[in-house]
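Here the structure comes first, spelled out in structure tokens, and everything after it is commentary.
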Amino acid sequence: MRVTRGIATLSLTVVAVLGLSACSSDGEAKDRPAAEAGASAPAEEAAESSEFDLTKDDFIQRVTDATQAAGTLTMDMTQSGSGMSQTASGVVSYAEGAQEMSMTLEVPEAGTVEMRMVDGVVYMTMGELTQGKFLEIDPNDPSNPMAGSVAELEGQFDPTQGLSPEAVLQFEKAGEPEEVGGVLAQPYTVVVDSSAAAENLPEELAGAGASLPAELSYTYWIDADDLIRRVTSESLGISTDITFSGWGEPVEIVAPAPEEITDLSSLGL
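Here is the structure:
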């Protein structure tokens, strides 16, 4: 199903990008509230005098700490190539020891797909295909045929499941600092072992990473506050470009109302 492949592609991207910075490197989620209104100002004003001194040994932990301190972010992604194009945009929260998200994807042949993850449950609407309502997908419900497709989606935000210091093969500066979204950020080349990115996908999605090259190369733009501002990559003819903004700003991620939820049986599936 094309929409499932789109979600798989997004999951692989999250492993290497958001997954890098969502939880502490010891694998334990920390209870930290989202930044209060106005607290994001330092994150939005990277100091030009910064040495941008991240290293291969410390960048995962430092980006982790910065992300948790901010608590929330907004992301916009575009993917193109091999005759396809898709976009995704949404907000993510790492507050109160859990990762939640609200995201809209434009998926080829499937149209607009909206996904929300609240308290570990995924809600997904695909317009006419779901009669304008949300499917409720509990990854712990063995009777739901879609459970496996989202079983480890939340886990993709955990760097200990997606990336580890041992998985990072190369980390080095790539030129001089550049302005990204009004903030000065240093580009870095990051090369990772692709098996580390794909091994945590559920079996239903694992095929999305089966044909990846042994190594994946990314360019990260990281500001003076250790916040990721942009990530780009290209693999198998697919170019991915993700920008991050709104660090620490209030976000609203809520589950659909009961009357907005349907199930597969009501759709004749």
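So that you can map any letter, position 175 of the sequence shown is 175 in the UniProt record's numbering, and since no number is skipped, the others follow by simple counting. Just so it is clear, CB atoms sit at the ideal spot from N, CA and C, and this is done for glycine as well.
Other residues of its chain near residue i: CB distance less than 8 Å, five sequence neighbours each side excluded
i: Asp57; result: Pro165
i: Glu259; result: none
i: Pro213; result: Ser194, Ser235, Leu236
Same chain, Cβ closer than 6 Å to residue i, neighbours up to 5 away in sequence not counted
i: Ser245; result: Thr74, Gly181
i: Trp221; result: Val180, Ala185, Pro187, Arg229, Arg230
i: Pro256; result: Tyr123, Phe134
Euclidean distance between Cα positions of residue i and residue j
i: Asp119; j: Ala98; result: 8 Å
i: Phe171; j: Thr232; result: 14 Å
i: Ala224; j: Thr262; result: 45 Å
i: Ser143; j: Val190; result: 40 Å
i: Val251; j: Tyr218; result: 28 Å
i: Asp53; j: Asp226; result: 10 Å
i: Val121; j: Asp141; result: 10 Å
i: residue 270; j: Gly132; result: Outside the shown range of the chain, which is 1 to 269, sits residue 270, and nothing can be said about it.
i: Glu136; j: Glu178; result: 42 Å
i: Gly83; j: Met126; result: 22 Å
i: Trp247; j: Leu169; result: 28 Å
i: Gly175; j: Ala70; result: 27 Å
i: Ala147; j: Glu51; result: 45 Å
Pair within 8 Å by beta-carbon distance, residue i and residue j
i: Asp76; j: Ile242; result: yes
i: Ile253; j: Ser89; result: no
i: Ala64; j: Ala95; result: The sequence given here places Thr at residue 64; Ala does not occur at that position. Result no, Cβ atoms of Thr64 and Ala95 do not sit closer than 8 Å.
i: Val192; j: Leu216; result: yes
i: Val113; j: Leu105; result: yes
i: Gln79; j: Val107; result: no
Cβ shell of residue i (< 7 Å), same chain only, five flanking positions each side left out
i: Gly81; result: Gly237, Ile238, Ser239
i: Ser265; result: none
i: residue 349; result: Because the chain spans 1 through 269 in this model, residue 349 falls outside it and cannot be assessed.
i: Ser49; result: Reliability of the predicted coordinates at Ser49 is poor, the pLDDT of 40 falling under 50, and the value obtained from them is presented with this limitation in mind. Contacts found: none.
For residue i: DSSP bridge partner residues
i: Asp223; result: Ala185
i: Thr240; result: Gln79, Ser233
i: Val190; result: Phe171, Tyr218
Min CB distance residue i to chain B below 8 Å
i: Val122; result: As a matter of chain content, chain B is missing from the structure shown, which is built from one protein chain.
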